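S.K.:
2 protein chains.
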Amino acid sequence: MTYKHLYQRIVDEIVTRIESGELPPGTKLPSSRELQEQYGTSHMTVRTAITILRDRGLVESVSGVGVFVAERPSTT
Amino acid sequence: MTYKHLYQRIVDEIVTRIESGELPPGTKLPSSRELQEQYGTSHMTVRTAITILRDRGLVESVSGVGVFVAERPSTT
DNA sequence: AGTAATTTGTTCGTATGTATC
DNA sequence: AGATACATACGAACAAATTAC
Numbered sequence: 001m002t003y004k005h006l007y008q009r010i011v012d013e014i015v016t017r018i019e020s021g022e023l024p025p026g027t028k029l030p031s032s033r034e035l036q037e038q039y040g041t042s043h044m045t046v047r048t049a050i051t052i053l054r055d056r057g058l059v060e061s062v063s064g065v066g067v068f069v070a071e072r073p074s075t076t
Numbered sequence: 001m002t003y004k005h006l007y008q009r010i011v012d013e014i015v016t017r018i019e020s021g022e023l024p025p026g027t028k029l030p031s032s033r034e035l036q037e038q039y040g041t042s043h044m045t046v047r048t049a050i051t052i053l054r055d056r057g058l059v060e061s062v063s064g065v066g067v068f069v070a071e072r073p074s075t076t
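Take a look at the structure:
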């Protein structure tokens, strides 16, 4: 599937990895910088994706530490 | 008064708030995002208004920090 | 104790594509 | 065809929190 927008693709791929169990609760996601490099995108686009994931309750972020998969990811 | 364009209304309201003294020199304006929500508009429309205000010398913007009411607002 | 590095988060600036008027 | 407006995206600077040394 092709994505119209990059941030949607990033959100979707991380959701998939969480749902598949590849990223169990408590797992630390790659840093914004790593995600930025992985997707060949910018800081802000990664932040947009993280903000959406956090808004959905799938991840929780701790300033200065990292972004973690939420304990009860309401992926429903 | 009705405004033909939203960005003009934003400019006008901010000018009014500066002239009335509600926003004294040095005051930090709400962020683009806040203005965006206040006016129910988009990033670009807010940016357009800010650009006009800056062009008029009413505000000065500092990248990564904010937009501030100019010290000598030549509101004349 | 104190500084530097890392990471998250915010903000401004700018550009592009799309839709509407 | 041009102006306005919206969404996405990239770049850059800055700040706060945490961690490493």
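These protein sequence lines are chains S and W, in that order.
Residue 46 in this note's numbering sits at position 46 of the first sequence; the count goes up by one each step and never skips.
Residue 44 in this note's numbering sits at position 44 of the second sequence; the count goes up by one each step and never skips.
Just so you know, even glycine gets a beta-carbon here, dropped at the ideal spot from N, CA and C.
Keep in mind that this is a model prediction, so the values were computed, not measured.
1. In whole angstroms, what is the alpha-carbon distance linking Tyr39 (chain W) and Pro30 (chain S)?
2. According to DSSP, which residues form a beta bridge with Val59 (chain W)?
3. Beta carbon of Arg54 (chain W), beta carbon of Ser63 (chain W): below 8 Å?
4. Measuring only the C-alpha atoms, how far is Arg47 (chain S) from Glu71 (chain W)?
5. If we ignore side chains and look at the alpha-carbon of each, how far apart do Pro24 (chain S) and Arg56 (chain S) end up?
6. I'd like the list of long-range same chain contacts for His43 (chain W), defined as Cβ closer than 8 Å, with 5 residues on each side in sequence excluded.
7. Can you say whether Thr16 (chain W) is buried or exposed, counting buried as having 16 or more other CB atoms within 10 angstroms of its CB?
8. Go through its chain and collect everything with a Cβ distance to Arg9 (chain S)'s Cβ below 6 Å, but skip five positions before and after it.
9. Just reading off the alpha helix (DSSP H) that Tyr88 (chain S) is part of, what are its end residues?
10. Over what stretch of residues does the alpha helix (DSSP H) that includes Leu6 (chain W) continue unbroken?
11. Pick from S:Ile18, S:Ala49, S:Gly26: whose alpha carbon is nearest that of Leu78 (chain S)?
12. Can you give me the C-alpha to C-alpha distance between Thr27 (chain W) and Val11 (chain W), rounded to a whole angstrom?
13. Label Val67 (chain W) either buried or exposed according to how many other C-beta atoms from any shown protein chain fall within 10 Å of its C-beta, with 16 as the threshold for buried.
M.R.: If we stick to the structure as given:
1. 36 Å
2. W:Val69
3. no
4. In a straight line, the C-alpha of Arg47 (chain S) is about 34 Å away from that of Glu71 (chain W).
5. 16 Å
6. Ser32, Arg33, Gln36
7. exposed
8. Closer than 6 Å at the Cβ level, and outside the excluded window around Arg9 (chain S), lie Tyr3.
9. Residue 88 (chain S) is absent from the structure shown; chain S starts at 1 and stops at 76.
10. Run containing Leu6 (chain W): 6–19, per the alpha helix (DSSP H) assignment.
11. In the structure displayed, chain S extends from 1 to 76; residue 78 (chain S) sits before or after that span and is not available.
12. 16 Å
13. So Val67 (chain W) counts as buried.
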